[in-house]
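Undergrad:
There are 2 protein chains.
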Amino acid sequence: MKSPSHRLGDLQLRILQSLWDRPDSSVAEVHAELKPERDLAYTTVATMLRKMETRGLVTHREEGRSFLYRALVAAEEVSRSVGQHLVDRLSAGSLTEAVSHLLTSREVSRDELDQLEKLIKEAKRRAQ
Amino acid sequence: MKSPSHRLGDLQLRILQSLWDRPDSSVAEVHAELKPERDLAYTTVATMLRKMETRGLVTHREEGRSFLYRALVAAEEVSRSVGQHLVDRLSAGSLTEAVSHLLTSREVSRDELDQLEKLIKEAKRRAQ
DNA sequence: GTGGCAATACTACCCGGGTAGTAGCTGCGT
DNA sequence: ACGCAGCTACTACCCGGGTAGTATTGCCAC
Numbered sequence: 132m133k134s135p136s137h138r139l140g141d142l143q144l145r146i147l148q149s150l151w152d153r154p155d156s157s158v159a160e161v162h163a164e165l166k167p168e169r170d171l172a173y174t175t176v177a178t179m180l181r182k183m184e185t186r187g188l189v190t191h192r193e194e195g196r197s198f199l200y201r202a203l204v205a206a207e208e209v210s211r212s213v214g215q216h217l218v219d220r221l222s223a224g225s226l227t228e229a230v231s232h233l234l235t236s237r238e239v240s241r242d243e244l245d246q247l248e249k250l251i252k253e254a255k256r257r258a259q
Numbered sequence: 132m133k134s135p136s137h138r139l140g141d142l143q144l145r146i147l148q149s150l151w152d153r154p155d156s157s158v159a160e161v162h163a164e165l166k167p168e169r170d171l172a173y174t175t176v177a178t179m180l181r182k183m184e185t186r187g188l189v190t191h192r193e194e195g196r197s198f199l200y201r202a203l204v205a206a207e208e209v210s211r212s213v214g215q216h217l218v219d220r221l222s223a224g225s226l227t228e229a230v231s232h233l234l235t236s237r238e239v240s241r242d243e244l245d246q247l248e249k250l251i252k253e254a255k256r257r258a259q
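Quick note, the sequences are listed as chains A and B, same order.
Each residue of the first sequence is one higher than the one before, counting from 132 in the working numbering.
Each residue of the second sequence is one higher than the one before, counting from 132 in the working numbering.
1) Whole angstroms is fine: what's the gap from D152/A's alpha carbon to A205/A's?
2) For the segment 161 to 213 of chain B, which segments carrying the alpha helix (DSSP H) assignment without a break, of at least 4 residues, lie completely within its bounds, in sequence order?
3) How many Å lie between D141/B and R220/A at the Cα?
4) Could you say which of R241/A, V158/A, M183/A lies nearest to T174/A if we only look at CA atoms?
5) E243/B versus chain A: which residues are under 7 Å apart at the beta carbon?
6) At least one CB of chain B closer than 8 Å to the CB of D141/A: is that the case?
7) Could you compute how far the alpha carbon of L226/A sits from the alpha carbon of Q259/A?
8) Considering only C-alpha positions, which residue in the set L171/A, T190/A, P167/A is nearest to L263/A?
9) Three-state secondary structure (DSSP) at K133/A?
10) Going by the DSSP bridge assignment, what does S231/A pair with across the sheet?
11) At least one CB of chain A closer than 8 Å to the CB of K255/B: is that the case?
12) Would you mind giving the Cβ-Cβ distance between R211/B and H232/A, rounded to the nearest angstrom? I have them listed as a contact below 8 Å.
13) Quick check on V239/A - is its C-beta less than 8 Å from some C-beta in chain B?
14) Check for me: the alpha helix (DSSP H) holding A254/A runs from which residue to which?
15) Do D155/A and L217/A have their CB atoms nearer than 8 Å?
16) Suppose you measure from the CA of R241/A to the CA of E228/A; what does that come to, to the nearest Å?
17) Does any residue of chain B have a CB that is nearer than 8 Å to the CB of V213/A?
18) For S156/B, write down the residues that DSSP places opposite it in a beta bridge.
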């Protein structure tokens, strides 16, 4: 049950997000969804999906002449390992420092701060 | 003042951290510092430093027969862009979500939560 | 049944991080 | 004066993400 520290590139992560949103997407659908942000060739997406399948990140089933892809890794799981990796990289494991970096990394709206406060409180409640 | 979205590998980041800690380090010193965690060849570190110099991440001056290296990018700057990149990757820019992911990514001690709360409060004070 | 389209399969390439071996230089100790 | 130790320079390689062109397959319409 090792969680093999998913080392995902930007495109791979983006594709996963698309599949989490809309499971059983065809290559064409994923390609269409990514089109606005990244003008990739159709075959690029197809190739990436195939590569990701060999890595166990996604799987497919056939539907007529198309493949419908599904993510095999949970969003939770990936967020966790990506996040954990960042914390390690950035601050030798100090979560507080990491968050502190995030906070100074950009303009944070009052709204966001409120939400964050709520998050912390909730975590505290859960923790006790 | 361009912040060219530093795309740093793990090793590069680790080397920078070492240099932030101890500027004007020789290759030998950086190598020694990294030794316990990553048993790299001396030349590996030297090569990486040279590569990083061509990318403008570090610079060196000569001291006798050795090169003493200094980071050219600020810790702040790098933390920011690395953190920002994560937020973008993970949650399409939602900082709240990103932090939420970090919070669920591991056991968070009560202490850490307290610290975090303090962080938020401070940010709020600064924001108004 | 044949042309064409849409889909996948295969292959190749680039790039950059990471890793390290080997060659070449130089100053220091004896 | 000479050789060794230590240092940099050069070169090469692997690997994986990313990108895409070309080949092949198979279905559908007419």
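All C-beta atoms, glycine included, are put in the ideal place defined by N, C-alpha and C.
TA: Let me spell this out:
1) 12 Å
2) 173 to 185
3) 7 Å
4) V158/A
5) L226, T227
6) yes
7) 19 Å
8) Residue 263/A is absent from the model: chain A starts at 132 and stops at 259.
9) Its pLDDT being 39, under 50, K133/A is placed unreliably by the model, and nothing is read from it.
10) Paired residue(s): none; S231/A is not in a bridge.
11) yes
12) 7 Å
13) yes
14) 241 to 258
15) no
16) 20 Å
17) yes
18) Y200/B
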